[in-house]
Amino acid sequence: MFNGKSILITGGTGSFGKQFVKTVLSRYQPQKVIVYSRDELKQYEMAQEFNEPVMRYFIGDVRDRDRLRLAMRGVDYVIHAAALKHIPAAEYNPMECIKTNIHGANNVIDIALDQEVEKVIALSTDKAVNPINLYGATKLAADKLFVAANNIVGEMKTRFAVVRYGNVVGSRGSVVPFFEKLIQEKSPEIPITDPRMTRFWITLQQAVDLVFNSFERMHGGEIFVPKIPSMKITDLAETLAPGVPIKIVGIRPGEKLHEAMFSSEASHLVLEFSDHYVIRPTIEYSHSVDYACNALSEKGIPVPEGFEYSSEINTEWLKGFQLLDMLKQ
C-alpha cells in the first residue's frame, strides 16, 4: 500500500515520527517521506540517522497554512502527529495549545483537501475522552474536526480517520524516562501523584503498526482504538525501582486518576473487532459507509450498551516483567 507513495508526517521529529520513519523505510519502498516540524536541530539530528534518498526534511509549523501547502504538494498520505502535549504547560499557555492543536489540525484538513491527499490519519489521545484539561479538550476538538471533514469531501477521494491510544512506554513525554532518570541519580524516593492512578500503555512500535493497519482498514470517519493493557502507577514504580520508597506528591494541574479510550455514553457508536475498537461518527455522511465491515473485510460487532473502555476497569493488566519486555522493545 505504501510502495511508490509520498508520505508526510507532521511533528515528524518526535518519538512516534522517528519510529514511523524507521518502520516505513524497512518495510516499504515509498517514493518520498517528508518530515514536517518546527525544530531545525531535531531535524538535523534525525537526518543523520535517516538520510535515505527518499527522505525530505521540511521546517514548518502546522499553524502556517502556506508552508503546509507547499510541503503537502503531491503527497498521497498524511499522518498528523504534531501537537502541544505537555498538560501543565497547556494549562498555563492555553491559546498556544489551541493554536497548534485545533487551528493547526484545521489547517492540515484544509490543505489536504486542497492538495487532494488520498488519506489522512490524525493521532489522538485517551485524554480527549471526557477531558478535564485543556490538552484533552483541544484533542477532542481536533478529533471532531477530522471526523467531520469526511462530510465535506464531496466527490474528492480524500478521507480522514483518527487513531486514539494511551501512554507510550519510553516516549519522551511519559513517566517512564522520568522514573529512570531518578533511578540513575540514585534518588531516595520515587514521586507518585496518587497511588490509585492507572494508565493504558502501548509501545511505540505498536502505535506505529496501529497507524499502518488503520490506513488499510479505514473508510473515513472512524476513530480507531487498540486493545491495550493497563497498569497501576504504583506497580510501574515498583517494577522500575524495586524497594525504593514512594512519595505521594499530589495530582498535577489537569491530571486524571484514570484514563478512558471511550466512555459509556459513546457505547452505541462502538464496534468491537478482534484487536481493536472502532468509534463510528456521530454525524451521518452524504455517502453511505458500513463501518461493521472495514476495507480489509474484517467484521465488527456492537459493544454492549453502557460499555466503557477505561484504564481502571480494563480486563488486561500489565505485569512487571511484561513492562520490562516492552521497554526492551
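Per full-length UniProt numbering, residue 1 is the first one in the sequence shown, and the count goes up by one each step. Ideal Cβ placement from N, Cα and C applies to all residues, glycine included. Note that this is a predicted model, so its numbers are computed, not measured.
Cβ separation of V75 and R56, assumed to be a contact under 8 Å, to the nearest whole Å: Taking the first residue of the sequence shown as position 1, residue 75 is located at position 75. Taking the first residue of the sequence shown as position 1, residue 56 is located at position 56. No, V75 and R56 are not in contact; Cβ-Cβ is about 10 Å, not under 8 Å.
Would F200 and M156 qualify as a contact pair, given that the criterion is a beta-carbon distance under 8 Å? Taking the sequence shown and counting its residues from 1, one reaches residue 200 at position 200. Taking the sequence shown and counting its residues from 1, one reaches residue 156 at position 156. No.
Measure the Cβ-Cβ separation of R146 and A105 and say whether it is below 8 Å. Counting from one through the sequence shown, the residue named residue 146 turns up at place 146. Counting from one through the sequence shown, the residue named residue 105 turns up at place 105. The displayed chain sequence assigns Phe, not Arg, to residue 146. Yes, Cβ-Cβ distance for F146 and A105 is below 8 Å.
Return the CA-CA distance between S174 and T100, expressed in angstroms with no decimal places. For the purposes of this step, residue 174 is identified with residue 174 of the sequence shown, where counting begins at 1. For the purposes of this step, residue 100 is identified with residue 100 of the sequence shown, where counting begins at 1. Cα-Cα distance, rounded: 20 Å.
Using 10 angstroms around the beta-carbon of Q19, count the other beta-carbons present and answer buried if the total reaches 16, otherwise exposed. Position 19 of the sequence shown, counted from the first residue, corresponds to residue 19. Answer is buried; the Cβ neighbour count reaches 16.
At the level of alpha carbons, what is the spacing between V169 and H219? On the sequence shown, position 169 is the one that residue 169 refers to. On the sequence shown, position 219 is the one that residue 219 refers to. Going by the C-alpha atoms only, they are around 29 Å apart.
Run through DSSP, which three-state label would L25 get? As a working mapping, residue 25 is identified with position 25 in the sequence shown. If DSSP states are grouped into helix, strand and coil, L25 belongs with the helices.
Quick check: what's the CA-CA separation for S37 versus G12? If you number the sequence shown from 1, residue 37 lands on position 37. If you number the sequence shown from 1, residue 12 lands on position 12. So the alpha carbons of these two residues sit roughly 6 Å apart.
So what does Y277 bridge to, in DSSP terms? Residue mapping note: residue 277 aligns to position 277 of the sequence shown, counting from 1. Note: Y277 sits in a beta bridge opposite V225, E272.
Within this structure, are the beta carbons of S15 and S171 separated by less than 8 Å? The residue labelled residue 15 in the question sits at position 15 within the sequence shown. The residue labelled residue 171 in the question sits at position 171 within the sequence shown. Yes, the Cβ-Cβ distance between S15 and S171 is below 8 Å.
Residue from Y44, N151, T125, H258 with nearest C-alpha to S288: Here the question's residue 288 lines up with position 288 in the sequence shown. When only C-alpha atoms are compared, the closest one is N151.
Taking buried to mean at least 16 other C-beta atoms within 10 Å of its own C-beta, is G4 buried or exposed? Position 4 of the sequence shown, counted from the start, is the residue given in the question as residue 4. Classification for G4: exposed.
Can you tell me which of the three DSSP states L257 falls into? Counting from one through the sequence shown, the residue named residue 257 turns up at place 257. Reduced to three states, the DSSP call for L257 is coil.
Thinking C-beta only, is V225 closer than 8 Å to Y277? Here the question's residue 277 lines up with position 277 in the sequence shown. Here the question's residue 225 lines up with position 225 in the sequence shown. Yes, Cβ-Cβ distance for Y277 and V225 is below 8 Å.
Own chain, CB closer than 8 Å to I283, minus 5 neighbours either side, in chain order: To locate residue 283, count along the sequence shown from 1; it is residue 283. Closer than 8 Å at the Cβ level, and outside the excluded window around I283, lie V147, A148, N151.
What would DSSP say about I219, mapped onto helix, strand or coil? Start at 1 with the first residue of the sequence shown, and residue 219 comes out as number 219. Residue 219 is actually His in this sequence, not Ile. H219 falls in the coil class under three-state DSSP.
For A80, does the count of other Cβ atoms within 10 angstroms reach 16, so buried, or fall short, so exposed? Taking the sequence shown and counting its residues from 1, one reaches residue 80 at position 80. Residue 80 is actually His in this sequence, not Ala. Buried, by the Cβ-count rule.
N51: buried (16+ other C-beta within 10 angstroms of its C-beta) or exposed? The residue labelled residue 51 in the question sits at position 51 within the sequence shown. With fewer than 16 other Cβ atoms within 10 Å, it is exposed.
Hey, out of I59, A241, V33, whose CA is closest to Y44's CA? Position 44 of the sequence shown, counting from 1, holds the residue named residue 44. Y44 has its Cα closest to that of I59, out of I59, A241, V33.
Name the one or two DSSP bridge partners that P302 has. Walking along the sequence shown from the start, residue 302 turns up at place 302. According to DSSP, which records beta bridges pairwise, P302 is partnered with L271.
By Cβ distance, which residues of its chain are closer than 8 Å to E298, with the 5 residues on each side in sequence left out? Along the sequence shown, one-based indexing puts residue 298 at 298. For E298, where only same-chain residues beyond five positions count, the Cβ hits under 8 Å are R217, F273, S274.
I246, DSSP secondary structure in three states: The count along the sequence shown starts at 1 and reaches residue 246 at position 246. If DSSP states are grouped into helix, strand and coil, I246 belongs with the strands.
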